């Protein structure tokens, strides 16, 4: 392998592979993917269910099929791939220090760096799960790996805390493997999973969903013996007298994903409400040449969406490399992008005016379910765009594009979401 690359992508999942492909196809000669696992594809390799690839490839694929197709494209494009390599440290000037079995500890440099490291699951400690900590409590992703890749039966009587998509999918998977799933508890008054997963994974298998409920106690020392769930009020306080006991040997936690961004600690980048680095419409951070995409930037519903975001990051990284030494005569102004009423977070966090992209893609999540609603764009106090929806829900990411000529000069760009009265 080389000591110097034009573009290095850290993470070989859906977003990372597509970022590398986009950079290569845009004319960048030297591209490297660094991946910690034995194969490309990331989390897709343990997602044996179907539903992937509908928008990106135009056909329905399982996770491993999607991963294999992306990996083949990477190999055919002549992109360098370093597997079973863990990045230890990133330094200014984009020195990437990694450790691998074949290369040992080594440092390579790059002109542009794309971080596509994915996300990690919140665990029992992160949510302050009450009660004991016996064997039998796992995150849903951990259970998915043990069952789908390692071939272990995780449990016989199962309860799931959290209604995120991976929790819903594992409810179905455990049922198909012969386990009895007694229910799914969600602390919010609405599910945090896609509607299609609620129908296909819970309703089709008669698995009850307990909204506004959480696990209030855990029992067992040598192994999990049972749990108690309780109803919560609007402030998430447990309501006395609402306890329900379940005799279970397994508790799966599907209580959210967090972008994996620890490699950014020494680079001094700013973070946003999505728990990742702030980026502009090109997915570039405030550090020139450092780009983010996929679940390391914010949590996506579908691998197809992460792939599309990776393509943009790769293309913009290529533009950065190919045009780095060219003089830019046009002055660019930054507009701060802020989520306001009804919007939990929005990506990007700022946009360039005028922008070098023809269409600016905004990805956001609303703060609560809404019927007959609208999303409004304001530059300062001026309304520049409104888009209407039959409904909006927090569990489904909303994507809106704003044409370059729709953007006007100002200091800030604010997004709001609200129901339409009347």
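Residue numbers (the numbering used here): 4 to 425.
C-beta atoms are modelled at their ideal positions from N, C-alpha and C, and glycine is treated no differently.
Note that the coordinates shown come from a computational prediction; the quantities given were computed from them, not determined experimentally.
- For residue 67, the enclosing alpha helix (DSSP H) begins and ends at 66-79.
- Here the alpha carbon of residue 132 sits roughly 13 angstroms from the alpha carbon of residue 257.
- Under the three-state reduction of DSSP, residue 407 is assigned to helix.
- If you ignore the 5 residues before and after residue 304, its C-beta comes within less than 8 angstroms of the C-beta of 168, 197, 398, 399, 400, all in its own chain and listed in chain order.
- Within the same chain, Cβ atoms closer than 7 angstroms to the Cβ of residue 149 are found at 155, 157, the five residues on either side in sequence being excluded.
- Taking all protein chains in view, the Cβ of residue 288 is crowded by 16 or more other Cβ atoms within 10 Å, so the residue is classified as buried.
- Just so you know, the alpha carbons of residue 195 and residue 55 end up roughly 19 angstroms apart.
- Boundaries of the beta strand (DSSP E) around residue 379: 373-382.
- Around the Cβ of residue 94, a 10 Å sphere holds fewer than 16 other Cβ atoms; the residue is exposed.
- Closest in C-alpha terms to residue 365, from the list 372, 285, 393, comes 285.
- Taking C-beta atoms as the reference points, residue 388 and residue 377 fail to come closer than 8 angstroms.
- By the Cβ criterion, the stretch 342-355 is in contact with the stretch 411-425, since at least three pairs of Cβ atoms, one from each stretch, lie closer than 8 angstroms.
- In the DSSP annotation of this structure, the continuous segment of the beta strand (DSSP E) that includes residue 160 starts and ends at 160-164.
- When only Cα atoms are considered, residue 127 and residue 325 end up about 46 angstroms apart.
- About 21 angstroms separates the CB atoms of residue 34 and residue 91; that is not less than 8 angstroms, and the two are not in contact.
- Using a 10 angstroms sphere on the CB of residue 79, the tally of other CB atoms stays under 16, which defines it as exposed.
- Beta-carbon to beta-carbon, residue 122 and residue 263 are separated by about 5 angstroms, close enough to satisfy the 8 angstroms threshold.
- When beta bridges are read from the DSSP output, residue 355 appears opposite 337.
- For residue 125, the three-state secondary structure derived from DSSP is coil.
- According to the DSSP secondary-structure assignment, residue 248 is paired through a beta bridge with 231.
- Burial state of residue 253 is buried, judged by a 10 Å Cβ sphere holding 16 or more other Cβ atoms.
- Using a Cβ distance threshold of 8 angstroms, residue 164 and residue 218 count as a contacting pair.
- Beta-bridge partners assigned by DSSP to residue 114: none are found.
- Restricting attention to 145, 204, 159, 193, the CA atom closest to the CA of residue 174 is found in 204.
- Contact between the stretch 207-217 and the stretch 227-235 is present: 3 or more CB-CB pairs across the two stretches fall below 8 angstroms.
- Of all C-beta pairs linking the stretch 173-193 to the stretch 94-109, fewer than three are shorter than 8 angstroms, placing the two stretches out of contact.
- Contact check for residue 32 against residue 9 passes: the beta carbons are separated by less than 8 angstroms.
- Following the DSSP letters along the chain, one finds residue 38 in no alpha helix (DSSP H), marked with neither H nor E.
- When secondary structure is reduced to three states using DSSP, residue 95 falls in the coil class, being assigned neither helix nor strand.
- Only residues of its own chain outside the window of five on either side were considered, and among them 12, 13, 14, 16, 18, 19, 22, 296, 297, 299, 313 have a CB closer than 7 angstroms to the CB of residue 119, listed in chain order.
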